[in-house]
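What follows is a single structure, written as structure tokens, with notes after it.
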Amino acid sequence: MQIVLVHPQIAPNTGNVIRLAANVGASLHLVEPLGFSMDHRLLRRGGLDYHELTEVHVHADLDSAREACPGRWLALTSRGARRYDEVDYRSDDVLVFGCEATGLPDEVLATFATGERVHLPMAPGNRSLNLANAVAVVAYEAWRHLGFEGAGGAATSIEAIAAQPLD
1 MQIVLVHPQI
11 APNTGNVIRL
21 AANVGASLHL
31 VEPLGFSMDH
41 RLLRRGGLDY
51 HELTEVHVHA
61 DLDSAREACP
71 GRWLALTSRG
81 ARRYDEVDYR
91 SDDVLVFGCE
101 ATGLPDEVLA
111 TFATGERVHL
121 PMAPGNRSLN
131 LANAVAVVAY
141 EAWRHLGFEG
151 AGGAATSIEA
161 IAAQPLD
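Number 87 in the UniProt record's numbering belongs to position 87 of the sequence shown; there are no gaps in the numbering.
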């Protein structure tokens, strides 16, 4: 799984996504222009010490990101045709998110077929979720579909937890 942020503007959000990417075993691709520098202190703070635990790539444009990320591209947008939980996620999926203020630009959305546009449901009257939160919801759902492939440490399923002896 790969995560693409198109024109992210808020350093702490991107830092949080770096940490998330490390935790789900994904690489992160950022498409310029960015609203911050890669050495921004709040980017480092948001990602804690996870910057070295995942691959972060910066691309000059979306075409460069597409070349670097083969696989099925899914656009996350409030104008998506399918809910995020209706997708049969694959390990080669590339999850694409827009910037915090405006989401994915129309010219980017136009490159995705209707079935490749996915949305997160929200209560009426709301227009968006925090970018890092939206990425977390979708990335964990995708990873769940993949059986939490590569997870380590604590038990990763109800069955494994139930099988553990009680202290």
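Virtual Cβ for every residue (Gly too), placed ideally from N, Cα, C.
Cut-off 8 Å between Cβ atoms - residues of its own chain near residue i, not counting five sequence neighbours on either side
| i | result |
| --- | --- |
| Ala68 | His29, His57 and His59 |
Coil, strand or helix - residue i by DSSP
| i | result |
| --- | --- |
| Leu43 | helix |
| His7 | coil |
| Val138 | helix |
| Ser27 | strand |
| Arg19 | helix |
Assumed close pair residue i, residue j - CB separation to whole angstroms, cut-off 8 Å
| i | j | result |
| --- | --- | --- |
| Arg72 | Val94 | 7 Å |
The ligand ZN heavy atom lying under 6 Å from the CB of residue i
| i | result |
| --- | --- |
| Asp61 | Of the ligands one can find in the structure shown there are none, so the ligand ZN has no counterpart to examine. |
Proximity below 7 Å, CB of residue i to CB of residue j
| i | j | result |
| --- | --- | --- |
| Glu100 | Gln9 | yes |
| Leu120 | Tyr89 | no |
| Val17 | Ala134 | no |
Status (buried if at least 16 other CB within 10 Å, exposed otherwise) for residue i
| i | result |
| --- | --- |
| Thr102 | exposed |
| Ala113 | exposed |
| Ala123 | exposed |
| Ala110 | exposed |
Close Cβ partners of residue i (< 7 Å) along its chain, the five nearest in sequence each way excluded
| i | result |
| --- | --- |
| Ala142 | Met1, Tyr89, Asp93 and Leu95 |
| Ala136 | Leu20 |
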